[in-house]
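Protein chains in written order, with my numbering: chain H, 2 to 256; chain D, 21 to 289.
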């Protein structure tokens, strides 16, 4: 009972504020006579969420895959590059300037090139999300791998431990909280990338739905699409937080 | 006289800093016998910690030779246990797995060393803490874990670099007693005991623990004095109040301050 009331005390302000905003919004639309295509009412957005006019499940499916693919690619490539940089100074010297250059590039501007090279489809949009989201993973992986006490490394040298063992048993677990922290950023970036990709070139997906509503002035569908996108984004973010809790409970409260 | 375990012959260390070469250690000649407990005291920056790392083979000496157990040291030697000022435990590993780390790093079968790890934890008063994470333990307990870790592979030589320096005064005195008990001053003869080289800032700690106290001069570190501590073992808390204890502490204090600016250097006695 006390636990329930504690939960209530924590979340009640958010819920109350949210409901209040919705009510104000609805009242404003109803009483001001503002046109539906300029600002749809919450009720018409709610209806649009479930409308049969849009094949929501299909679009949701496509965008979700793009986001998951983008996230996994960014995580995989990011960790691999981070390990490479921390493993060898030679690789670090070769890779870092190049990576910094790629990171300064406005990734959105590359999207039209992806269309030329790969045409329409899920994959180029995944790639866009990965491109936007991989950099923090590289940096945090490399930093986490190198933030090991000098005394701990001396201990490894005393026992003549090979380099791979130091990585496996000391450096990589040490980097885990850093990597998980970067993945929270990547989770958001993957969503942005997938939607940007769909804006530029797509025939399906939630971003595509938003683009089509521009011509039809079906604003409530655009709002509905936004809500679906944020639900996917929130679920992915929650999954990363859960992963951090399971994999690195010892680092809780660090970031 | 016991067998010599560590033999330092005119060991010197000069390193290159941005401002030019810095001489950290100069002409250190020192013998440490098997089973001896030797403390190194000296002002900050006199190279005590560097000397410890040179003996471990972690840093090369730039002059002279270091011999441990009859072998010239030119790379890290495995037969040592090291304890640092910080416990440096792996925070994602349980206490037991932290103690077992040296076995894994050295490529030995950690599973077969589990009973020994448990025995060491029991001996250090940490029975039942094996499954805990480091952050659940106090600083003093964590430092005892790092002592257990150093003892896991039963090294004949323990190198301790200000191991109690980060602890509060009361915990520190407790740990000194614990260390002597684990070292086995009561039950083991000198030849069976581990050789300990103990770096500290505290004169009282050095006198209380050691068979010998080596006093080092400010940089470049040299051996300023080498005093035998002929106090009876096992050492007790009462010993700290004895006249002999006070006289030895004063001798060391005078040696230290006589060679440096007494008014600008503070000593924890």
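Where is the CB? At the ideal position from N, CA and C, for every residue including glycine.
Q. When the distance is taken between beta carbons, is residue 59/D closer than 8 Å to residue 29/D?
A. no
Q: Entirely within the segment 176-228 of chain D and at least 4 residues each: give me those alpha helix (DSSP H) ranges in chain order.
A: 189-203
Q: Give me whichever residues DSSP pairs with residue 91/D in a beta bridge.
A: 88/D
Q: Using a Cβ-Cβ cut-off of less than 8 Å, list which residues of the segment 226-249 of chain D approach chain H; keep chain order.
A: none
Q | Rounded distance between the beta-carbons of residue 163/H and residue 252/H, thought under 8 Å | A | So it is not a contact: roughly 26 Å between Cβ atoms.
Q: For the beta strand (DSSP E) holding residue 232/D, just list the boundary residues, first then last.
A: 232-236
(Q) Any contact between the segment 132-152 of chain H and the segment 97-109 of chain H? By contact I mean 3 or more CB pairs, one from each, below 8 Å. (A) yes
Q) Any beta-carbon of chain D closer than 8 Å to the one on residue 156/H? A) yes
**Q.** residue 269/D burial status per 10 Å Cβ neighbour count (16 or more: buried)
**A.** buried
Q: Using a Cβ cut-off of 8 Å (strictly closer), state whether residue 162/H contacts chain D.
A: yes
Q. Whose CA, out of 148/H, 129/H and 11/H, lies closest to the CA of residue 113/H?
A. 129/H
Q | Contacts of residue 203/D in chain H (Cβ-Cβ under 8 Å) | A | Under the 8 Å cutoff, chain H gives no residues; its nearest Cβ is about 20 Å from residue 203/D.
Q: Would you tell me roughly how many angstroms separate the C-alpha atoms of residue 232/D and residue 242/H, rounded to the nearest one?
A: 55 Å
Q) Is residue 67/H closer than 8 Å to residue 206/H when the C-beta atoms are compared? A) yes
Q. Quick one: does the C-beta of residue 112/D sit closer than 7 Å to a heavy atom of the ligand ATP?
A. Because no ligand of any kind appears in the structure shown, any question about the ligand ATP cannot be addressed here.
Q: Keeping to the same chain, check which residues put their C-beta closer than 6 Å to that of residue 194/H; ignore five residues upstream and five downstream.
A: 71, 129, 130 and 133
Q: Output the distance between the C-alpha atoms of residue 39/H and residue 18/H, rounded to the nearest integer angstrom.
A: 24 Å
Q) With 8 Å set as the bound, which would you pick, yes or no: does the beta-carbon of residue 165/H sit closer than that to a beta-carbon of chain D? A) no
Q. Since residue 102/D meets chain H, which of its residues come closer than 9 Å, beta carbon to beta carbon?
A. 152, 155, 156 and 159
(Q) Could you tell me the alpha carbon to alpha carbon distance between residue 248/D and residue 159/H, rounded to whole angstroms? (A) 30 Å
Q. Which residues of chain D have a Cβ atom closer than 8 Å to the Cβ of residue 171/H, listed in chain order?
A. 110
Q) If you compare alpha carbons, which of 263/D, 33/D, 116/D and 78/D is closest to residue 66/D? A) 33/D
Q.
By the three-class DSSP mapping on this structure, what secondary structure does residue 257/H have?
A. Given that chain H is displayed from residue 2 to residue 256, the structure contains no residue 257/H and the question cannot be resolved.
Q.
Between residue 87/H and chain D, is the shortest Cβ-Cβ distance under 8 Å, so that the two count as touching?
A. no
Q) Nearest chain D C-beta to residue 176/H closer than 8 Å, yes or no? A) no
Q.
For residue 233/H and residue 14/H, I'd like the C-alpha separation in whole angstroms.
A. 24 Å
Q.
Let me confirm a value: residue 256/H is counted as buried when at least 16 other C-beta atoms fall within 10 Å, else exposed. Which label applies?
A. Only weak support exists for where residue 256/H lies, its pLDDT of 42 falling under 50; the coordinates are left without a value.
(Q) Less than 8 Å between the C-beta atoms of residue 75/H and residue 135/H, yes or no? (A) yes
Q.
So with CB distances below 9 Å, who are the chain D contacts of residue 249/H?
A. 112
Q | Bridge partner(s) assigned by DSSP for residue 29/D | A | 85/D
(Q) So that I know if they touch, is there some Cβ in chain H lying closer than 8 Å to that of residue 36/D? (A) no
**Q.** residue 5/H, DSSP secondary structure in three states
**A.** helix
(Q) Distance check for residue 235/D and residue 280/D, CA to CA, integer angstroms please. (A) Model confidence at residue 280/D stands at a pLDDT of 44, short of 50, so the residue's coordinates are unreliable and nothing is read from them.
Q: Assuming residue 179/D contacts residue 100/D (C-beta within less than 8 Å), just tell me the rounded distance between them.
A: 6 Å
Q: Measure from the C-beta of residue 155/D to each C-beta in chain H and report whether the shortest distance is under 8 Å.
A: yes
Q) Taking the continuous beta strand (DSSP E) assigned at residue 247/D, which residues delimit it? A) 243-248
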